[in-house]
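Engineer: Each residue of the sequence shown is one higher than the one before, counting from 9 in the numbering used here. C-beta: ideal position from N, C-alpha, C; glycine also. The model shown is predicted, which means the values in this text are computed figures rather than measured ones.
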Amino acid sequence: MSSLNFCDLRSDTVTKPTEEMYQAMRQAELGDDVLGDDPTVKQLEELAAKIVNKEAALFFPSGTMANTAALLAHNCRLQEVIVEEHSHIMNYENGNISNLAGAVARSLPSNFGEIPLELLKKNIKPTGDDHQLKTAGICLENTHNYYSGAVLTIDYLKRVYDLCRNNNLFLHIDGARIFNASLALKLSVREITEHCSSIMFCLSKGLSAPVGSMLAGDRNFISRAFKFRKILGGGMRQSGLLASCGIVALQSMIDRLDDDHQKARFLAEKISRIPHLKLQTPPLITNIVIFEVGEDLITAEELQKRLEKLNILCFTFGPGRIRFVTHKDQSWQQIEYAAESLRKVMNSL
Ligand SMILES: *Cc1c(COP(=O)(O)O)cnc(C)c1O
């Protein structure tokens, strides 16, 4: 819908492919990727590996499957993996970390996604014994969905990766929105990904490809992940059709994410002035804005319904919280309409 009195703030996953992507699909050279001969998929995988500066990368149908294959390929069955308590891997992937990858998730609290170093150290068990599982690795989320798209600092990442290497642990980054992090930090993405063993990122979010996520790491890791992708049912055939959109996404959709950040900053600023709403403020704003609703006046669920009646779509996100996500398919007018409508609804209570 492109009407003025409408705004879809549910997720950056709702973004439609661009005209250039449709053209790329038409022109894509295709093969059968399960047989290893789809040249467009190979091209996307090489491009992705190069951008994050890892030895190899693999194209997946979803981020959830890529994270699951990563955990499987890190061989963490019957070991512990440290995760952040509000992370996607912990909360929004149906427990795959345990039910498919066979690990026990040790979930720890954080400050905007950064689990304190001391807490990490206390929870690492370098060896197991007859009763205890040893720690296999750590997963961090960057940007962090639950914490308003908070960005991990490079200094923090470096320290965690040092800790991991000193203890023989892997560090997997759920970087669904890693390009938002790199733009916000004004660093190239490889300056972030040098501090991890493996990284997953999504093509299907702000980058606007219709489907797909990438997993990158060293060659041995990716060849194990290849086997697990097949086991999970993620072997696709003429997937060059989808990969062609991923190539466009990586070649021409990264820099424009800055617009999304500007829209989010605009919304955050407006929300911060509305009484009874408490804006969550991460150190850097990317494309996610979360606020708490002082529930004496209205519940988050009721507010979400009122907004929906005005054609403003969003999700509640944890008790008393509402999440707005910005992306390319919202015009500035629609963003202004959403901010103004939210103010009016709150004023009318
Ligand atoms: C979207 C997302 C994923 C993967 O999601 P899929 O819908 O399975 O592609 C993983 N982690 C985070 C933080 C996400 O936001």
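1. Which complete alpha helix (DSSP H) runs does the region 214–297 hold, if anything under 4 residues is left out?
2. Report, in whole angstroms, the separation of the C-beta atoms of E63 and D226, which I expect to be a contact under 8 Å.
3. With three or more beta-carbon pairs closer than 8 Å as the criterion, would you say the region 162–170 touches the region 17–33?
4. Could you work out which residue in C204, A251, L211 is closest to T21 when comparing CA atoms only?
5. Using 8 Å as the threshold, is the C-beta distance between A158 and P69 below it?
6. Quick check on L79: does DSSP put it in helix, strand or coil?
7. Roughly how many angstroms separate the alpha carbons of R351 and I279, rounded to a whole number?
8. Please say whether A144 and L108 have beta carbons closer to each other than 8 Å?
9. How would you call I239, buried or exposed, if buried means at least 16 neighbouring beta carbons within 10 angstroms?
10. Mind checking whether the beta-carbon of G328 lies closer than 7 Å to any heavy atom of ligand 1?
11. Considering only DSSP beta bridges, list what T143 is partnered with.
12. Looking at the structure shown, is S206 part of a helix, part of a strand, or coil, going by DSSP?
13. Under 8 Å, with one C-beta from each stretch per pair, do the region 38–57 and the region 75–90 reach the 3-pair mark?
14. Work out the CA separation of I105 and I97 for me, nearest whole Å.
15. Just curious, the alpha helix (DSSP H) that R351 is in, first and last residue?
16. Can you tell me which of the three DSSP states V197 falls into?
17. For R264 versus K166, is the C-beta spacing smaller than 8 Å?
18. Whole angstroms are fine: how far does the CA of D45 sit from the CA of K194?
19. Answer with yes or no whether the minimum CB distance from T23 to chain D is below 8 Å.
20. Applying the criterion that 16 or more other CB atoms from any shown protein chain within 10 Å of the CB defines a buried residue, is K235 buried or exposed?
21. If you draw a straight line from the C-alpha of V197 to the C-alpha of F187, how long is it?
22. Using the rule of at least 16 other Cβ atoms within 10 Å of the residue's Cβ for burial, across every protein chain shown, is G248 buried or exposed?
23. Work out the CA separation of K286 and L125 for me, nearest whole Å.
Structural biologist: Let's see:
1. 227–239, 248–260, 265–280
2. 5 Å
3. no
4. L211
5. For A158 and P69, no; Cβs fall outside 8 Å.
6. Looking at L79 - three-state DSSP - the assignment turns out to be helix.
7. The straight-line gap separating the alpha-carbon atoms of R351 and I279 is approximately 8 Å.
8. It is not a contact, given that the beta carbons lie outside the stated cut-off.
9. Around the CB of I239, fewer than 16 other CB atoms lie within 10 Å, so the residue is classed as exposed.
10. no
11. E88
12. strand
13. no
14. 7 Å
15. 340–355
16. Three-state result, V197: helix.
17. At least 8 Å separates the beta-carbon of R264 from that of K166.
18. C-alpha of K194 to C-alpha of D45: approximately 37 Å in a straight line.
19. Among the protein chains of the structure shown there is no chain D, as only one such chain exists.
20. exposed
21. 7 Å
22. buried
23. 29 Å
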